[in-house]
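As structure tokens, the structure follows; a few thoughts come after it.
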Amino acid sequence: MTAVSPGSLYQTPKKFGLSIRTWRQIKEALFGYALLAPAIILLLVFEFYPLFFGMYISMCEWKLTCVKFIGLANYAKAFSDPAMWHSLLITATYSVISVPVQLGLGLVLAYLLFQKVRGLAIFRMMFFMPYITTTVASAAVWAYLFNPTSGLINEAMSVIGLPGLKWLGETKGIFAMLAGTVGLPLPAWAAGPSLALISLIIYTTWVFVGYDIVIFLGGLGNIPGELYDAAKVDGAEGWQLFRYITLPLLSPTTFFLLIITVIGTFKAFNHIYIMTMGGPGDATTTSSIYIFNQLVVYGRYSYSAALSFVVFIVILALTIIQNKVAGSRVVYD
Amino acid sequence: MSESTLSQTRKNERHPFNWGRFFIYVVLVIGALVSVIPFVYMVLSSFKSYGSVIANNFWPWWPFGTEPLQFSNYPEAITDIGFDKTWNMPLFFRYLANSLIVSGCIVLGTVTTSTLAAYAFAYIKVPGKSLMFLLILATLMIPNDLTLVPKLVMMYNFKWYNNYQALIIPFTVSVFGIFLLRQYFMQIPKDLFDAAKIDGAGHLRYLWSIVMPLSKPALITIALLNFIWSWDSFKWPLLVTRDSSMRVLAVGLQQFLVGEGGTKIHLMMAFASMVVVPVLIFYFFTQKYFTEGIAKTGIKG
Chain P
11 MTAVSPGSLY QTPKKFGLSI RTWRQIKEAL FGYALLAPAI ILLLVFEFYP LFFGMYISMC
71 EWKLTCVKFI GLANYAKAFS DPAMWHSLLI TATYSVISVP VQLGLGLVLA YLLFQKVRGL
131 AIFRMMFFMP YITTTVASAA VWAYLFNPTS GLINEAMSVI GLPGLKWLGE TKGIFAMLAG
191 TVGLPLPAWA AGPSLALISL IIYTTWVFVG YDIVIFLGGL GNIPGELYDA AKVDGAEGWQ
251 LFRYITLPLL SPTTFFLLII TVIGTFKAFN HIYIMTMGGP GDATTTSSIY IFNQLVVYGR
311 YSYSAALSFV VFIVILALTI IQNKVAGSRV VYD
Chain F
127 MSESTLSQTR KNERHPFNWG RFFIYVVLVI GALVSVIPFV YMVLSSFKSY GSVIANNFWP
187 WWPFGTEPLQ FSNYPEAITD IGFDKTWNMP LFFRYLANSL IVSGCIVLGT VTTSTLAAYA
247 FAYIKVPGKS LMFLLILATL MIPNDLTLVP KLVMMYNFKW YNNYQALIIP FTVSVFGIFL
307 LRQYFMQIPK DLFDAAKIDG AGHLRYLWSI VMPLSKPALI TIALLNFIWS WDSFKWPLLV
367 TRDSSMRVLA VGLQQFLVGE GGTKIHLMMA FASMVVVPVL IFYFFTQKYF TEGIAKTGIK
427 G
């Protein structure tokens, strides 16, 4: 034992291993953990834990609890389930058509709005209204707009002399219908997506174009105006400006929207459930509807858990491919 | 602003009528009309008799028709939806109360948990902070649908099924909220923090009286977006509630639709109007925060 010098009182009391400063740091850290705790715990319980719990359920014969462990049997069943593949095909079709339509229309309208038009705020507000609206309500209204006997859309078509269509109730492919008007029979594989699915896509486009416009307007605003001036000096105009300045410089925004929209189309559920419930037949049974029905109508907990993972893996694979293909064409400054 | 009007007038001097700009306005007006017509149709139909809706009589009232405005559609829709015996009121008001309770609690919870976590991320030295941030980031990769079944089973196990807890608690955390606020908090000059510390203010005091008032726009954006999303949610409430008294407005409307509302279109339109119009009015007054918030963060519900 060495004698304690008066000065050492103010220095680190090594005996306890911790200095006053460290104590303060520990107190601070504990306080930090306390602030983080609610968010972290909620995320652990409702995001991470369900991921593993879901895997467990999918490998069980589930009746309120795990009755029997069955390993990957549900996954084998899913991969050989034609209805599962059909639902994925419907989802993919829905996605492949609605994504370019939505983004294209959104870009065109945003670009027009960006041309210093008067009433920009009012236009933007009107375009954004469908996005803000409660989906169930707007889908219910649209389902009636599509009504074959008294809906507004068929009424409008009859005014301009076009025949009424069955819209949400039509299982025939649109190419087959178009060819049919000139008396041309098409083979089944070339019939194209059903009109029912196209009707759903029309509704989705109506909802999300406003969102795309707002994001695109943000992206357009970030392009420095000098670039346009410089290009104009070089003699570029109109379409050339759009093609060689706007499009490349907007590509990060477009890419972001592309990813978001593809994911959105894969989880689309509410409006499909309201407007068609997956019908007629299985014409609009997307994977989200199929999984929901397996769960709610048939009570197949473990099978629908397994289906969710299968669909997730497919989406993940698609997103990675998309990243590889589209990502290489994005211009970052 | 003045510059743009200047260039416009210059252009107008050269060309008395600019076809390009005319075309732009035509396209924009058509687009805007398509966006708005379904709403107009919904509200107009909600004031028509069943016959006029079915016959597509666009304006059955004075001066083109003889029908009076059918205000009675609204009370009729409310009585047709049904009656809630536990609270002794029409079910519609129960749905409305449920939606308000659920959305209100979610907004309050999300703002609280996000603010606290964002503050810790921005200001407090915590070991393992970056790891936790990564963990939060990782949850963005987990789609909601992937964990639908296990979450439903959890609700049974927690005895939360058909209760407010199931509708509220899983949604009282928002990764985007944490991100947005953390970004905002980090922009606040560090000097303010040091000054407050010298004045003897602790963390909570500093958060409450300096950081939060300065971050008002971000807080409002988070609150509004979460309110709209929870008001819109349908799949989860449909799954975890059984009794009609526990339904939210969206589920109530869907149940009405598959029942009587599918045939009584005029009443369905009145019901839909009662769900949508309050949200739209709310939006008109706060739209700056919506569009700015979405443009800044790219959040999507």
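As given, the protein sequences belong to chains P and F, one line each in that order.
With the first letter of the first sequence counted as 1, position 96 gets the number 106 in our numbering; the numbers rise by one all the way through.
With the first letter of the second sequence counted as 1, position 167 gets the number 293 in our numbering; the numbers rise by one all the way through.
Cβ atoms here follow ideal geometry from the backbone N, Cα and C, with glycine treated the same way.
Computed from a prediction, not measured in an experiment: that's the story for all the values here.
- Query: Looking at the unbroken alpha helix (DSSP H) that takes in T263 (chain P), where does it start and where does it end?
  - Reply: In the DSSP assignment, T263 (chain P) falls within the unbroken alpha helix (DSSP H) covering 257 to 277.
- Take Y66 (chain P) as the anchor and find which of P:N333, P:Q112, P:A83, P:I51 has the nearest alpha-carbon. Distance from the Cα of Y66 (chain P) is smallest, within the candidate group P:N333, P:Q112, P:A83, P:I51, for P:A83.
- Query: Under the three-state reduction of DSSP, which class applies to T75 (chain P): helix, strand or coil?
  - Reply: Reduced to three states, the DSSP call for T75 (chain P) is strand.
- Task: Could you check what DSSP says for S29 (chain P) in three-state terms: helix, strand or coil?
- Result: Looking at S29 (chain P) - three-state DSSP - the assignment turns out to be coil, as it is neither helix nor strand.
- Distance, T389 (chain F) Cα to N199 (chain F) Cα: Their Cα atoms are separated by approximately 14 angstroms.
- Task: Express the C-alpha separation of A240 (chain P) and Q125 (chain P) in angstroms, rounding to a whole number.
- Result: Each residue's alpha carbon lies about 18 angstroms from the other.
- Query: For V2 (chain P), which residues of its own chain have a beta-carbon under 6 angstroms away from its beta-carbon, when the five flanking residues on both sides are left out?
  - Reply: Any answer about residue 2 (chain P) is impossible in this case: the structure gives chain P only from 11 up to 343.
- Task: Can you grab the Cα-Cα spacing for the pair P197 (chain P) / M94 (chain P), in whole Å?
- Result: Taking the straight line from one Cα to the other gives about 24 angstroms.
- Which of the residues in the stretch 112 to 139 of chain P, read from start to end, lie with their CB under 9 angstroms from any CB of chain F? Cβ proximity to chain F below 9 angstroms picks out L115, V118, L119, L122, L123, Q125, K126, V127, R128, G129, A131, I132, F133, R134, M135, M136, F137, F138, M139 from the stretch 112 to 139 of chain P.
- Own chain partners of M372 (chain F) with C-beta closer than 7 angstroms, once the 5 adjacent residues on each side are dropped: Only N224, N288 meet the Cβ criterion.
- Message: So, does the stretch 217 to 233 of chain P touch the stretch 141 to 156 of chain P, judging by three or more C-beta pairs under 8 angstroms?
- Response: A contact exists between the stretch 217 to 233 of chain P and the stretch 141 to 156 of chain P.
- Should I207 (chain F) be flagged as near chain P, meaning a C-beta pair shorter than 8 angstroms? For I207 (chain F), not one C-beta of chain P is nearer than 8 angstroms to its own C-beta.
- Close-in-space but distant-in-sequence residues of the same chain around T428 (chain F) (CB under 8 angstroms, 5 per side omitted): In this structure chain F extends from 127 to 427, so residue 428 (chain F) is not present and cannot be described.
- Is S209 (chain P) helix, strand or coil by DSSP? Shown here, S209 (chain P) sits in a helix according to DSSP, grouped into three states.
- Does any residue of chain P bring its CB to less than 8 angstroms from the CB of Y290 (chain F)? It does not: the Cβ of Y290 (chain F) has no partner Cβ on chain P nearer than 8 angstroms.
- In terms of residues, what are the limits of the alpha helix (DSSP H) holding N303 (chain P)? 297 to 306 is the extent of the alpha helix (DSSP H) around N303 (chain P).
- Please name the residue or residues paired with M168 (chain F) in a DSSP beta bridge. For M168 (chain F), which the question treats as bridged, DSSP gives no partner whatsoever.
- Query: Going by the CB atoms, is the gap between I348 (chain F) and V80 (chain F) shorter than 8 angstroms?
  - Reply: Coverage of chain F is limited to positions 127 through 427, which leaves residue 80 (chain F) absent and any answer about it impossible.
- Compare the C-beta of I330 (chain P) with all C-beta atoms of chain F and state if any pair is closer than 8 angstroms. Cβ-Cβ to chain F under 8 angstroms: no for I330 (chain P).
- Shorter than 8 angstroms from the beta carbon of G17 (chain P) to some beta carbon of chain F? Caution is warranted here: a pLDDT of 47 is assigned to G17 (chain P), below 50, making its placement in the model unreliable, and no coordinate value can be reported.
- Message: Is Q35 (chain P) close to chain F? Criterion is C-beta to C-beta, closer than 8 angstroms.
- Response: At least one CB of chain F lies nearer than 8 angstroms to the CB of Q35 (chain P).
- Quick one: grab the DSSP three-state call for F319 (chain P). In the structure shown, F319 (chain P) sits in a helix (DSSP, three-state: H, G or I).
- Message: I want to verify the contact list: residues of chain F whose CB lies under 9 angstroms from the CB of S148 (chain P), in sequence order.
- Response: The contacting residues are P164, F165, M168, A398, V402.
- Query: Buried or exposed: which applies to G328 (chain F), given that a residue is buried once 16 or more other Cβ atoms fall within 10 Å of its Cβ?
  - Reply: So G328 (chain F) ends up on the exposed side.
- Message: So, with DSSP's three-state summary, where would you put G387 (chain F)?
- Response: Helix at G387 (chain F).
- CB contact check: K277 (chain P) to chain F, cutoff 8 angstroms: Closer than 8 angstroms: yes.
- At least one CB of chain P closer than 8 angstroms to the CB of T389 (chain F): is that the case? T389 (chain F) has a beta carbon lying at 8 angstroms or more from every beta carbon in chain P.
- Supposed close pair L162 (chain P), L155 (chain P) - CB separation, criterion 8 angstroms: 5 angstroms between Cβ atoms; contact.
- Are the beta-carbon atoms of A120 (chain P) and L268 (chain P) separated by less than 8 angstroms? No; because the gap between Cβ atoms is not below 8 angstroms, this pair is not in contact.
- Message: For A248 (chain F) and F311 (chain F), which I take to be in contact (beta-carbon distance under 8 angstroms), what is that distance rounded to the nearest angstrom?
- Response: Rounded to the nearest angstrom, the Cβ distance from A248 (chain F) to F311 (chain F) is 4 angstroms, consistent with a contact under 8 angstroms.
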